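Encoded as structure tokens, the structure appears first; notes follow it.
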Amino acid sequence: MRLPVGVKVGAFALAVMGTYTYYANSIPQIQSKPPAELSLEGGNVTPAQLVKAGEEIFKTKGTCEICHRIGQKGTRAPDLAGIGGRAAKTKPGLSAKQYIIESLLQPGAYLVEGYPNIMPQVDKP
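Under numbering that gives the first Met the number 0, the letters of the sequence shown match residues 0 to 124, in that order.
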């Protein structure tokens, strides 16, 4: 007895799907975990821990590295190397910390020549 073509095609399709399913399930599954919670409170924070936390925010959650660079000219935003030293030139009497905080909260307050005002406020989602 001869099987209809539809049955042959269906059986072949099931065999192919079964083979791929078996192969896909034989690959070890990767289980991702959320990043470890970093607490900088309590006064037991070393300068190295602060640097690491800052780098992590700069490169990941803060998404700063998309536009800014450190030590080289950024494509869309200025180089951040020496930003603390530029604070005194930009607004005399303003500390580096105050300058950076104000620049983050009000990105259009101090614009570097040659760069547009494209930075979003950091306190906004």
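Here a beta-carbon is modelled for each residue, glycine too, at the ideal position from N, C-alpha and C. Given the structure is predicted, the values throughout are model-derived calculations rather than measurements.
Considering only the beta carbon of each residue, do residue i and residue j sit closer than 8 Å?
i, j, result
"A76", "Y114", "yes"
"L110", "V121", "no"
"I65", "D78", "no"
"A52", "L39", "yes"
"I99", "I117", "no"
"P91", "P106", "no"
Could you check where the alpha helix (DSSP H) with residue i kicks off and where it finishes?
i, result
"G53", "46-55"
"A23", "4-25"
"T89", "82-89"
"E101", "95-104"
Assuming residue i contacts residue j under a Cβ cut-off of 8 Å, what Cβ separation, rounded to an integer in Å, is found between them?
i, j, result
"E101", "A108", "6 Å"
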